[in-house]
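Everything below concerns the one structure shown next.
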Ligand SMILES: C[S@@+](CC[C@H](N)C(=O)[O-])C[C@H]1O[C@@H](n2cnc3c(N)ncnc32)[C@H](O)[C@@H]1O
């Protein structure tokens, strides 16, 4: 999907290599009191192997649609961590969220790929399932009061919609779906992306 290629015989995303350090810098603090993270839409698995290795105090549960599992497993086999779990099958809303316990959620670049109804379901389900003090870190491109943060983001949104994907979601609609989660932090990230830190108080 998108920029994933079969470089090095595994699925590979250059974007993940580019953004993983900036994201990790936020997760180190946002997930400092978390114990188990559910990752929604692990993609290649590159984020999971990097973050699990640098956040050894927590369990990192990968999850994605079944066709992504072989690639995620390849990355995990090559860069194993005792705290990194093989992927669960996740296709929202059909599969629902896994029954396993988690007190944190991470999801990168999923809301604009999902259909609007799927993104709505995801936000509502995370809000419902996270326990008190639970944290949801959501990375990606978003619009703010209907405005794109760059022309390249506007162009990419148009391309996504034309290709049948849901397209960019606005921060205001995410907020309305995520209630009672509170959007505590909106952090600027490279390449006109943002990291949203949602908390349940
Ligand atoms: C652009 S990729 C992002 C992958 C990875 N998180 C990253 O940042 O590179 C979008 C991901 O969203 C997942 N996805 C899309 N729709 C989904 C749905 N309805 N339920 C679960 N995952 C979904 C895809 O399977 C894919 O892994």
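Residue numbers (this note's numbering): 13 to 213.
Here a beta-carbon is modelled for each residue, glycine too, at the ideal position from N, C-alpha and C.
Review point. Does the Cβ of residue 85 lie closer than 7 Å to at least one heavy atom of ligand 1?
Key: no
Practice item. Whole angstroms is fine: what's the gap from residue 80's alpha carbon to residue 54's? Key: 8 Å
Review point. Using a threshold of 7 Å, is the CB atom of residue 103 nearer than that to any non-hydrogen atom of ligand 1?
Key: yes
Practice item. Within its chain, find whatever has a CB closer than 6 Å to the CB of residue 183; leave out the 5 residues flanking it on each side and keep chain order. Key: 154, 156
**Study point:** For residue 8, the three-state DSSP class (helix, strand or coil)
**Key:** Examination of residue 8 is not possible in this model, given that the chain is present from 13 through 213 alone.
Exercise for review: Output the distance between the C-alpha atoms of residue 130 and residue 104, rounded to the nearest integer angstrom.
Suggested key: 6 Å
Practice item. May I ask you to check if the CB of residue 179 is nearer than 7 Å to at least one heavy atom of ligand 1? Key: no
Practice item. On a CA-only basis, which of 124, 82, 163, 24 is nearest residue 185? Give me that one, please. Key: 124
Review point. Is any heavy atom of ligand 1 found at a distance shorter than 7 Å from the C-beta of residue 196?
Key: no
Review point. Taking the Cβ atom as the reference point for each residue, do residue 201 and residue 31 lie within a distance shorter than 8 Å?
Key: yes
Practice item. Pull up the distance between the alpha-carbon of residue 89 and that of residue 64, whole angstroms please. Key: 13 Å
**Study point:** Ordered list of beta strand (DSSP E) runs contained in the segment 113-178, each at least 3 residues
**Key:** 116-120, 147-152
Point to revise | Neighbour-count burial assignment, residue 212, 16 or more Cβ in a 10 Å radius | key: buried
Exercise for review: Compute every distance between the C-beta of residue 204 and the non-hydrogen atoms of ligand 1, then say whether any falls below 7 Å.
Suggested key: no
Point to revise | Start and end residues, alpha helix (DSSP H) containing residue 33 | key: 26-42
Practice item. Would you grab the beta carbon distance between residue 178 and residue 126 for me? Rounded to a whole angstrom, and I think it's under 8 Å. Key: 5 Å
Check your understanding: Where do the ends of the alpha helix (DSSP H) carrying residue 183 lie?
Key -> 183-190
Review point. So residue 66 is in the alpha helix (DSSP H); what residue range does that whole segment cover?
Key: 58-66
Check your understanding: Less than 7 Å between the CB of residue 120 and some heavy atom of ligand 1, yes or no?
Key -> yes
Exercise for review: In angstroms with no decimal places, state the Cα-to-Cα distance between residue 50 and residue 174.
Suggested key: 30 Å
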